[in-house]
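Accompanying notes for the structure given below.
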Amino acid sequence: MCTYHKAQLKKAARHGKVDPEIWRKLNANFEEFSEHGIEPSMPLAIITGEREVVRSTWGFHRRFKRKDGKPGSDGTGLTAPKAVVNAQSEKMETYMWRDAYHHRRCLIPVTEFYEWTGPAKAKIAHRIFIADDYCFFVAGLWEDTPDFGICHTMLTTEPNKEVAATGHDRCLVALLDHEIDPWLNGETLSDFHRPDGMFQVESNVPNPRARNKPVQGDLL
168 MCTYHKAQLK
178 KAARHGKVDP
188 EIWRKLNANF
198 EEFSEHGIEP
208 SMPLAIITGE
218 REVVRSTWGF
228 HRRFKRKDGK
238 PGSDGTGLTA
248 PKAVVNAQSE
258 KMETYMWRDA
268 YHHRRCLIPV
278 TEFYEWTGPA
288 KAKIAHRIFI
298 ADDYCFFVAG
308 LWEDTPDFGI
318 CHTMLTTEPN
328 KEVAATGHDR
338 CLVALLDHEI
348 DPWLNGETLS
358 DFHRPDGMFQ
368 VESNVPNPRA
378 RNKPVQGDLL
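Every position in the sequence shown, counted from 1, becomes a number in the working numbering once 167 is added.
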């Protein structure tokens with residue numbers, strides 16, 4: 168799963184096929200955090216199916232049944248809300264994702280994302296990107312909630328050849344140009360799996376979270 172990515176739009180000389188005005192608005196909304204890495208529960212700008220650029224927080228907030236079986240402080244037997252940052256593309260018709268999949272799709276701008284593999288105390292960071300100066304768009308879902316405002320999650324799929332070579336078992340659904348409008352329009356993609364050769368991978372790169380341990384978010 169992906170729990171860390173960058174969206175350095177100011178450095179992107181090229182980008183996925185979206186309307187120039189949308190790209191301009193996206194850049195304007197990214198001014199405050201475009202140079203920093205994005206982690207769960209952090210804000211960024213996304214593009215909705217209505218082609219609007221909105222501020223959103225990364226992760227659908229959900230409560231789950233406590234594993235210890237205890238009632239918890241509120242007596243519900245549920246956990247505190249957790250940010251679910253990735254959604255498996257194979258599960259779009261399940262209860263958790265069905266409504267957003269059919270009614271609230273979005274694009275998340277990404278210039279590179281990171282995955283970690285290896286033992287817990289010796290993890291290796293892998294930088295995954297299409298080109299150094301390119302911003303691509305990841306298929307996403309969004310919702311507007313009274314407690315957390317607008318939130319989004321990113322779709323993942325089984326890894327293609329180059330991502331699988333890192334030892335990681337999931338990959339972001341980075342959309343090809345001809346898939347962008349159909350995705351936002353609510354159409355069914357023919358295949359969520361990404362073509363081999365789509366990404367470049369640099370392994371054993373400096374940990375972009377130098378001050379923090381890699382965190383595995385929730386994936387459903």
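The C-beta atom is built at its ideal place from N, Cα and C for all residues, glycine as well. All of these numbers come straight from a predicted model, not from anything done at the bench.
- As computed with DSSP, A306 is found in a beta bridge with L274.
- Within the stretch 312–338, the complete beta strand (DSSP E) segments at least 3 residues long are 316–324, listed from N- to C-terminus.
- Around the CB of H172, 16 or more other CB atoms lie within 10 Å, so the residue is classed as buried.
- In the DSSP annotation of this structure, the continuous segment of the alpha helix (DSSP H) that includes N194 starts and ends at P187 to N196.
- Counting only the Cα atoms, K288 lies some 25 Å from E325.
- For A341 against F303, the beta-carbon gap comes to about 5 Å, under 8 Å, which counts as contact.
- Taking a cut-off of 8 Å for Cβ pairs, the stretch 204–216 and the stretch 345–360 touch, as three or more such pairs fall below it.
- Taking 8 Å as the cut-off, the beta carbon of V252 is found no closer than this to the beta carbon of V277.
- A residue is called buried once 16 or more other Cβ atoms fall within 10 Å of its Cβ, and T312, having fewer, is exposed.
- T261 and L211 have their C-alpha atoms spaced approximately 27 Å apart.
- Remark: C-beta atoms of C338 and G226 do not approach each other more closely than 8 Å.
- By the criterion of a C-beta distance shorter than 7 Å, S370 is surrounded in its chain by I291, H293 and T333, once the five residues flanking it on both sides are discounted.
- M321 and E282 have their C-alpha atoms spaced approximately 14 Å apart.
- DSSP, read as helix, strand or coil, puts I213 in strand.
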